[in-house]
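K.L.:
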Amino acid sequence: MTPPGNLAPIAAARAVLARAHRVAVLTGAGMSAESGVPTFRDAQTGLWARFDPHTLASAEGFAADPALVWRWYAWRRERVAQAQPHAGHRALAAAQESGRFGDLTLITQNVDGLHAAAGSRGVLELHGNLMSSHCSAGCGVAIARPADLPAGEPPGCPRCGGHLRPSVVWFGEALEPATLQRAQAAAVRSDAMLVIGTSGLVQPAAALPGAAQRAGSALIVVNPQPSELDHLAAVVIRAGAAAALPLLLEDSDS
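The opening position of the sequence shown corresponds to residue 1028 in our numbering, with each subsequent residue numbered one higher.
What follows is the structure in structure tokens.
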């Protein structure tokens, strides 16, 4: 991966992190895209282009045609299964493991599990996890990373017989309250917050950096494209995560 051409923002961001005892990290679709995982919009191409997003990602769409929605998510799971964490994922995991930044909390909008695959611990998955399922009838059954998910029809719930559904947040659904509360708490108590590969448009995740900045945290934005959060940042690194994060998070004494 080609390193960023201008290393001055990297140096400025390293100086910010060197003073931090509590670091929050928020990652978005751009992080996973570098591993070859299609973004939500990218995933609506080809075979799925004729379907409205709400048809494929809403409780109403699932109720109307469970098999159609399940097949789309099976296709997405297949694509995710082919992806591997990149150097940016690994750099975050190594930074957390080293303890060099004190309390490092990783928050993600992504549903692919690549942060955990890279070794990150305690990841707050705001939008759920594509590989997990739970009962759509609300009986409480949840199956984390089942060994064998069928591709055609959604399986039945072992408790009530209703359909299992992907454990992701759909249009019109609220984020899991405890996960969101933990993310909000980590953001506002942080000394520095890394905001990586997110447009800053999807709420309520997009509100976390603003809350952190208002509480006195220094924001570091890592994104090859302009975002809605750039104006809040102490430092903007105009590069992809795979190139920037190893440089930003490496131990200069190693």
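Note that the Cβ used here is the ideal one computed from N, Cα and C, for glycine as well.
Would you mind listing the beta strand (DSSP E) stretches within the segment 1172–1221 that are 3+ residues and don't spill past its ends, in chain order?
P.N.:
Qualifying beta strand (DSSP E) stretches, in chain order: 1191–1195.
K.L.:
Among residues of its own chain, excluding the 5 on either side of Ser1125, which ones have a beta-carbon nearer than 8 Å to its beta-carbon?
P.N.:
Asp1278, listed in sequence order.
K.L.:
Would you tell me roughly how many angstroms separate the C-alpha atoms of Ala1214 and Arg1192, rounded to the nearest one?
P.N.:
About 30 Å.
K.L.:
Which same chain residues, not among the five before or five after Met1028, have their C-beta less than 7 Å away from its C-beta?
P.N.:
Low confidence applies to Met1028: its pLDDT is 46, below 50, so where it sits in the model is not reliable, and the reading given next is rough at best. Excluding sequence neighbours, Met1028 sits near Ala1114, Ala1269 and Ala1270.
K.L.:
According to DSSP, Arg1049 sits in a beta bridge with which residue or residues?
P.N.:
Answer is Asp1130, bridged to Arg1049.
K.L.:
Need the endpoints of the alpha helix (DSSP H) that Leu1095 sits in, please.
P.N.:
Element bounds for Leu1095: Pro1093 to Ala1108.
K.L.:
In this structure, what does DSSP give as the bridge partners for Ala1169?
P.N.:
Ala1169 is bridged to His1161.
K.L.:
Select from Arg1104, Val1052, Leu1274 and Trp1075 the residue whose C-alpha is nearest the C-alpha of Val1195.
P.N.:
Of the candidates Arg1104, Val1052, Leu1274 and Trp1075, the one whose C-alpha sits nearest the C-alpha of Val1195 is Arg1104.
K.L.:
Is it the case that the segment 1081–1090 contacts the segment 1132–1140, given that we only count it when at least three CB pairs across the two stretches are under 8 Å?
P.N.:
Segments in contact, no.
K.L.:
Who are the Cβ neighbours of Ala1178 in its own chain at under 6 Å, not counting the five residues just before and after it?
P.N.:
If we look at Ala1178 and ignore the five residues flanking it on each side, its Cβ neighbours are Ala1101.
K.L.:
Rounded to the nearest angstrom, how far is the Cβ of His1142 from that of Leu1157, given a contact under 8 Å?
P.N.:
With 8 Å as the limit, His1142 and Leu1157 do not qualify as a contact, their Cβ atoms being about 13 Å apart.
K.L.:
Bridge partners for Ser1085 per DSSP, in chain order?
P.N.:
According to DSSP, Ser1085 bridges with Phe1198.
K.L.:
Under 8 Å, with one C-beta from each stretch per pair, do the segment 1054–1061 and the segment 1254–1269 reach the 3-pair mark?
P.N.:
Counting Cβ pairs under 8 Å, three or more are found: they touch.
K.L.:
DSSP on Gly1140, reduced to helix/strand/coil?
P.N.:
Coil at Gly1140, not helix or strand.
K.L.:
Apply the 10 Å Cβ neighbour rule to Ala1038 and answer buried if 16 or more other Cβ atoms are within range, or exposed otherwise.
P.N.:
By the neighbour-count rule (16 or more Cβ atoms within 10 Å), Ala1038 is not buried but exposed.
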